[in-house]
Amino acid sequence: MAFTDTHETSRNGGGRPALHGGGGWHRLGNALKTTVLLAGLTALVLVIGQRLGGAQGLMFAGFFAVVMNFGSYWFSDKIALAIHGAQPLPYEQAPWLHQMVERLSARAGMPKPKVYILPTRAPNAFATGRSPKHAAVAVTAGIMEILDQRELEGVLAHEIGHVRNRDTLIGTVAATLAGIISYAAQMLFWFGGSMLGRSDDEEGGGIGGAFANLGLLLVAPIAATLLQLAVSRSREYGADATGAELSGDPDALADALLKMERGAEMMPYDRAPATSHLFIVNPLHKGGVMALFSTHPPIPERVRRLRAMSARAGGSRARGRGGWEYAY
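Numbering (the UniProt record's numbering), first residue to last: 1 to 328.
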């Protein structure tokens, strides 16, 4: 599939200085929040292991969590790209896109990520990789059709913001731990009452112990899901802010989010739902009550925060001055 530079000329210059480090307290607070949430997920894994198998179960749960996270650390990018059939986008097919990624990466003070394209008309994008040196950004064919170059630069800045903030690794670890918890609960119910009725001197046996175990295994998957959602939503707000700072144009990302939300409504993308948290907008698009369990914060709230950033900096004409302030 070949792409030509049919987009309007980008208004963002390439000579801005590197990020000045503004919003450091916000990023520190966000990192602390994420650490606490990930610790909560790990604790759930260990508690379930202990309830299921005592000391041996605790050791096994800890070992399993370490192994799964190690695999996620090293292979998450390759797995995510393969699942979605992403293909490398040659430089000669879209030189303007590669130049855009290179410019934003330089401003973020990191190497240029590899660029991939997904063969779907659903408008979306995601980033993956364990570190800025081992990262990739992927865009869909559909996003190239509905966004102009200014808006697409805002989207790419958001994704590079994820890489710069190490969100891609954090999101994978959170998803892995949540998956372990859900899998442990399923295994218990498959193997049935012998585990639920297990008793020992430390935990107390009989019916009380069985009910305690049953209650834990009913609540744990829900708690794991809510913690994973909190991690994902927190990181999306942070990437919006970092991306707006990188591009110097919060309004561009806001405009792009509104277009992609409408695109997701018209053309949901349900390939590998477990990876929906990777994308810049929820590709499954579930409204109503189900929106409470979305891996993404509400688009109207994200747009409101971006508009507030733009207003505080004097609107789009203030792009390129550097030093964007976080609006939350």
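Positions of the beta carbon are idealized from the N, C-alpha and C atoms, including for glycine.
- In this chain, the alpha helix (DSSP H) harbouring histidine 158 covers 149 to 164.
- By the C-beta density criterion, glutamate 92 is exposed, having fewer than 16 other C-beta atoms within 10 angstroms.
- For valine 115, the uninterrupted beta strand (DSSP E) segment begins and ends at 114 to 118.
- Counted as a single uninterrupted DSSP element, the alpha helix (DSSP H) harbouring serine 310 occupies residues 299 to 312.
- Between histidine 277 and alanine 138, the alpha-carbon positions lie close to 14 Å from each other.
- For serine 131, the enclosing beta strand (DSSP E) covers residues 125 to 131.
- Shown here, valine 139 sits in a strand according to DSSP, grouped into three states.
- Looking only at Pro298, Met309, Gly243, Ala264, the smallest Cα-Cα distance to threonine 120 is reached by Ala264.
- Contact check for serine 247 against glutamate 153 passes: the beta carbons are separated by less than 7 Å.
- About 18 Å separates the beta carbons of alanine 108 and arginine 150, which is beyond the 8 Å limit, so they are not a contact pair.
- By a beta-carbon distance limit of 8 Å, glutamine 50 does not contact leucine 44. Their separation comes to about 11 Å.
- In this structure, the straight-line span from the alpha carbon of alanine 94 to that of alanine 136 is close to 16 Å.
- A direct Cα-Cα distance of roughly 43 Å separates alanine 86 from alanine 55.
- Sorting Ala157, Val115, Gly243 by C-alpha distance to the C-alpha of alanine 141 places Val115 at the top.
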